[in-house]
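Residue numbers (full-length UniProt numbering): 1 to 404. For glycine and all other residues, C-beta sits at the position ideal for the given N, C-alpha and C. Please read the structure below before turning to the comments.
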């Protein structure tokens, strides 16, 4: 528009122009995605495909039940003939409305959290878009006592679940985070202080990576331009074993690039590259942690249960490949089951059975999802034994009744 400064009316014109331009860009993208997904050529897509495009292609991840419900309501309002499918025009309208609703919901929640804790501008700038997610995980690790805060020993598991820390303490990037927690955390850390610790932790991790990343940047910047193209960056990702292996991971890389390529040049300078690499690491971890959380929910573990499970898993000190041995798990199983069932299991026999099986193959490796399944299996076996015992008692009573 040729302006460097705007009066308020000119600013409103700018907003209008930006909205129109975004609408044009989004329409083109929606058209392409719609026709790629419309494999049968019927000019309509059902709800499951629409929601898959929304999250996996457009990056509008539904973070809560409220967001999911709003998206379902918007789908219904756009489905003019109520056939459970959307045509292209309806799909474009759906995407625009969902985008606006999600932004409104998230800005509202972000503002509420920022006001509640009177967050410093610097902290707010760094964490604003993630505040609802960070607060949700904070509630998980405060065990429904957010005013009390998160215990010092739970700060590292918290950082694991948000993707900031690796899931095993042997990785070099874990050491600066442990040092920051040791130096700055209190016995209980409240939410604003935790954000401050996270900020310090990010800076410490970045400093630990800086030498290697700068060397890689200089090596791949063969023309000495001070910038790397996406092709060169993919070469570095390959060097570090971080190339995306699936369409979902490719989408994650694209979203990170969109966030950091501020000038739209398609190239990164040294500082953008450092930010990119750190965000890629965190995003990759976060995807794994979300998959683990979904596995726990599918096994009917509560949020509080999941925090105990993560804390226990971290105490087992997983190896670099993210596994522990069966024997290592067995040593902590009784204490963990006491945390998950404060009243105690109805039967101890499943625990003894597991201990006997472990002795036959103590060195079998188990990852976190395997750990979840093992714990649930032992708990379910205990419940089944109690049910069987009740059934036997019932049969005996019937037999006695018939006899009399």
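- Query: With contact counted as at least three CB pairs below 8 Å, one residue from each stretch, are the segment 122-133 and the segment 148-161 in contact?
  - Reply: no
- Euclidean distance between Cα positions of residue 371 and residue 329: Sequence index remark: in the chain shown, residue 371 carries index 371 (1-based). Sequence index remark: in the chain shown, residue 329 carries index 329 (1-based). Rounded to the nearest angstrom, the two C-alpha atoms are 8 Å apart.
- Mark residue 155 as exposed unless 16 or more other C-beta atoms lie within 10 angstroms of its C-beta, in which case mark it buried. Counted from its first residue, the chain shown places residue 155 at position 155. By the neighbour-count rule (16 or more Cβ atoms within 10 Å), residue 155 is buried.
- Query: Are at least three pairs of beta-carbons, each pair with one atom in the segment 65-77 and one in the segment 99-107, less than 8 Å apart?
  - Reply: yes
- Task: Kindly list the residues whose CB is nearer than 6 Å to the CB of residue 95, restricted to its own chain and excluding five residues on each side of it in sequence; keep chain order.
- Result: Reading the chain shown from its first residue, position 95 is the one you call residue 95. The residues are 30.
- Item | Alpha-carbon to alpha-carbon, residue 99 and residue 21 | Numbered from its first residue, the chain shown carries residue 21 at position 21. Numbered from its first residue, the chain shown carries residue 99 at position 99. Approximately 15 Å between the Cα atoms of the pair.
- Task: Check each candidate in 6, 174, 383 and name the one with the smallest Cα separation from residue 204.
- Result: Residue mapping note: residue 204 aligns to position 204 of the chain shown, counting from 1. Among 6, 174, 383, the Cα nearest to that of residue 204 belongs to 174.
- Message: Are the CB atoms of residue 86 and residue 44 within a distance shorter than 8 Å?
- Response: What you label residue 44 is simply residue 44 of the chain shown in a count that begins at 1. What you label residue 86 is simply residue 86 of the chain shown in a count that begins at 1. Yes. Within cutoff.
- Task: Compute the beta-carbon to beta-carbon distance between residue 268 and residue 233, rounded to the nearest angstrom, for a pair I have assumed lies under 8 Å.
- Result: Taking the chain shown and counting its residues from 1, one reaches residue 268 at position 268. Taking the chain shown and counting its residues from 1, one reaches residue 233 at position 233. That pair is a contact at about 6 Å.
- Task: Return the residue from the list 190, 214, 215, 185 that minimises the CA-CA distance to residue 201.
- Result: Reading the chain shown from its first residue, position 201 is the one you call residue 201. With distances taken between Cα atoms, residue 201 lies closest to 185.
- Does the separation of the CB atoms of residue 323 and residue 362 fall below 8 Å? By one-based count along the chain shown, residue 323 stands at place 323. By one-based count along the chain shown, residue 362 stands at place 362. No. Outside cutoff.
- To which residues of the same chain is residue 33 closer than 8 Å at the C-beta, ignoring the five residues directly before and after it? If you number the chain shown from 1, residue 33 lands on position 33. Excluding sequence neighbours, residue 33 sits near 53, 57, 58.
- Query: For residue 325, which beta-bridge partners are listed by DSSP?
  - Reply: Stepping through the chain shown from its first residue, residue 325 is reached at position 325. Per DSSP, 365.
- Task: Please say whether residue 312 and residue 336 have beta carbons closer to each other than 8 Å?
- Result: Along the chain shown, one-based indexing puts residue 336 at 336. Along the chain shown, one-based indexing puts residue 312 at 312. Closer than 8 Å, so yes.
- residue 163 beta carbon less than 8 Å from that of residue 286: By 1-based counting over the chain shown, the position of residue 286 is 286. By 1-based counting over the chain shown, the position of residue 163 is 163. The answer is yes: Cβ separation under 8 Å.
- Using three-state DSSP, classify residue 228 as helix, strand or coil. In the chain shown, the residue the question calls residue 228 occupies position 228. If DSSP states are grouped into helix, strand and coil, residue 228 belongs with the strands.
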